[in-house]
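Heads up, the sequence shown is in the working numbering, so the first residue is 12 and it goes up one at a time.
For each residue, glycine too, the CB sits at the ideal point set by N, CA and C.
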Amino acid sequence: MNPPSLRLNATISSSLHPHLHLSPLNPDPTSSSPSSCVQVRLHLPDALFVDPDELVDLWGAPSLDLSSKPSLGADQTSPVWTLSPRIVDIERPESPTLPPQSLKSPQTGRSKLDLVFTGAVDVPLHARYLIPDAAEASWDAMIKAFNGDIYRDVSLGRVEAAYCGERMEFVDTNAVARLPVGDAAYRLPVEAVTAAVVWAGWAWVVYALVRATRGKTKTE
12 MNPPSLRLNA
22 TISSSLHPHL
32 HLSPLNPDPT
42 SSSPSSCVQV
52 RLHLPDALFV
62 DPDELVDLWG
72 APSLDLSSKP
82 SLGADQTSPV
92 WTLSPRIVDI
102 ERPESPTLPP
112 QSLKSPQTGR
122 SKLDLVFTGA
132 VDVPLHARYL
142 IPDAAEASWD
152 AMIKAFNGDI
162 YRDVSLGRVE
172 AAYCGERMEF
182 VDTNAVARLP
192 VGDAAYRLPV
202 EAVTAAVVWA
212 GWAWVVYALV
222 RATRGKTKTE
């Protein structure tokens, strides 16, 4: 099997609404496709999804079929795209621990986004609620939670790419999104106990000051 004719540069910003920037790397002069038209298929992980309505506002209506040879109009600047499945459940959290055939797992498949573009494209993504890995954690993890420093690195997932008219191959992107993770179950009781200890400490300080002041007044 020949190596992919296209190398892809993919970077993801880190936030609840990350953006994926895609552009070809070092176009191959020996490619049979003389244009800069690029076709990319993103197999998005469950932690990331796209909003079809947002894509319609940005790029227009999706294409009905990109299985045949894709092409772009001479004056077309926005990408041609299609999404499968076309309806995305944007409300549910990520379910990384459930097997694919589980009755409790989401019945919709992972999103697959096909894009045809020239030059570069910016894809708006959204992050699902990431469920904490466990109800119990170390003191180090608890300290990080209090500081708002609980994150998980989520890989982009499988990516296929090629110049338009060529056979697509899987390419390595190493693109990772650093996404915030939801509060673990232990956080609420720990915060309540911490608040109680802090208030008790301040109450003791006030009591000690009042007692010292009264003692000083009596001696005078």
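- For residue 180, the enclosing beta strand (DSSP E) stretches over residues 180–182.
- By the Cβ-count criterion, residue 131 is exposed, with fewer than 16 other Cβ atoms from all chains shown falling within 10 Å of its own Cβ.
- Residue 142 holds the alpha-carbon nearest to the alpha-carbon of residue 104 among 142, 35, 54 and 214.
- Under the 10 Å beta carbon count, residue 139 is surrounded by 16 or more other beta carbons and is classified as buried.
- Residue pairing for residue 23: DSSP places it in a beta bridge opposite 31.
- Here residue 96 is exposed: its Cβ has fewer than 16 other Cβ atoms, across all protein chains shown, within 10 Å.
- Only residues of its own chain outside the window of five on either side were considered, and among them 189, 190, 191 and 192 have a CB closer than 7 Å to the CB of residue 162, listed in chain order.
- Straight-line measurement puts the Cα of residue 209 at about 14 Å from the Cα of residue 218.
- Between residue 123 and residue 178, the C-beta gap is not smaller than 8 Å, which leaves the two residues out of contact.
- For the pair residue 54 and residue 101, the CB atoms are not nearer than the 8 Å cut-off.
- Only buried fits residue 184, as 16 or more other CB atoms lie within 10 angstroms of its CB.
- At a Cβ-Cβ threshold of 8 Å, residue 182 and residue 69 do not count as neighbours.
- Here residue 189 carries a strand assignment [DSSP, helix/strand/coil].
- In this structure, residue 93 places its C-beta atom within 8 Å of the C-beta atom of residue 73.
- Closest by C-alpha distance to residue 49, out of 99, 211, 169 and 90, is 90.
- DSSP lists 138 as the bridge partner or partners of residue 59.
- Assignment of residue 65 by DSSP, reduced to helix, strand and coil, places it in the helix class.
- In this structure, residue 56 places its C-beta atom within 8 Å of the C-beta atom of residue 166.
- In the DSSP annotation of this structure, the continuous segment of the beta strand (DSSP E) that includes residue 124 starts and ends at 123–129.
- Straight through space, the alpha carbons of residue 133 and residue 175 are spaced by roughly 18 Å.
- In this structure, the straight-line span from the alpha carbon of residue 214 to that of residue 205 is close to 14 Å.
- Residues of the same chain with a CB within less than 8 Å of the CB of residue 75, apart from the 5 flanking positions on each side, are 93 in chain order.
- A straight-line Cα-Cα distance of about 18 Å links residue 21 and residue 27.
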